[in-house]
Amino acid sequence: MIITISGTAGSGKSTVAKNLIKALDAERIYVGGIRREIARKKGMTLIELNEYAKTNPETDVDVDNSAAAEARNLEKKGKIVVVEGRVQFHFIPESIKIFMKVDPEHSAKRIWKEMQDKAAKETRNEGDPKSLEELHEWLQQRDENDAQRYLKYYGFDHREEKHYDLVVDTSFITADEAAKKVLDFVRSKQ
């Protein structure tokens, strides 16, 4: 079984993925983490890498193809795989496709709170917003830039909910409640 998790920034994708991994004894492939590492190696923030990616499709296409191939390889070895990446539902159409969304203001507040921890800020590699408002604006721009790149490279808008088997709005529920919804849905497909 392969489960793909897409969604908006700050919606709880990573939290749900980690809960699924624990509950299902699954393997995790985190595309965002791979791209953040590419940014670090290039001496860039994620913002800068996303700008670079507008004319350098390999930062998306190669990573997405590799993540999908790795997921299928792990599945062939008998593993349950959770792939966290905004367009992986497209690369792995046979997966259980989950979309996590959150109101943009809640998203910014969650990420801002997380970024107050220095280690989390470095892990996220989001740049250095000076205020919650600046982060909110950047997240909206990032979402739009991502959507434009995916439309350019892949021909679809990843935000269209018709692509997914389950959509979970986490704006007014806890991470544990969101994880339970997803886990219950996944277990109903086993």
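Quick note: the sequence shown uses our numbering, first residue 127, plus one each step.
Glycine included, every Cβ here is placed at the ideal spot set by N, Cα and C.
What you are looking at is a predicted structure, and each value in this text was computed from that prediction instead of being measured.
- Put simply, the region 144-152 does not touch the region 229-240. Fewer than three CB pairs are less than 8 Å apart.
- Exclusion of the five residues before and after A301 leaves G138 and T141 as the residues of its chain whose Cβ lies within less than 6 Å of its Cβ.
- As the crow flies, the alpha-carbon of I206 is around 21 Å from that of H289.
- Taking a 10 Å sphere around the C-beta of S233, we find 16 or more other C-beta atoms and assign the residue as buried.
- Here V293 is not near L146, since their CB atoms are 8 Å or more apart.
- Counting along the chain, M226 sits inside the beta strand (DSSP E) bounded by residues I222 to K227.
- With 16 or more other CB atoms across the displayed protein chains lying within 10 angstroms of its CB, D190 is buried.
- I128: member of the beta strand (DSSP E) spanning I128 to G133, first to last residue.
- Contact check for G204 against G158 fails: the beta carbons are separated by 8 Å or more.
- No Cβ-Cβ contact shorter than 8 Å links K202 with F215.
- One alpha carbon belongs to R198, the other to W238, and they sit about 35 Å apart.
- For R154, the enclosing beta strand (DSSP E) stretches over residues E153 to Y156.
- Contact between Q316 and M127 is confirmed by a C-beta separation of about 7 Å, below the 8 Å threshold.
- Membership of V189 in any beta strand (DSSP E) is not indicated; the residue belongs instead to the alpha helix (DSSP H) covering E184 to K202.
- With respect to the C-alpha of L172, the residue from A135, S257, D283 and A193 having the closest C-alpha is A135.
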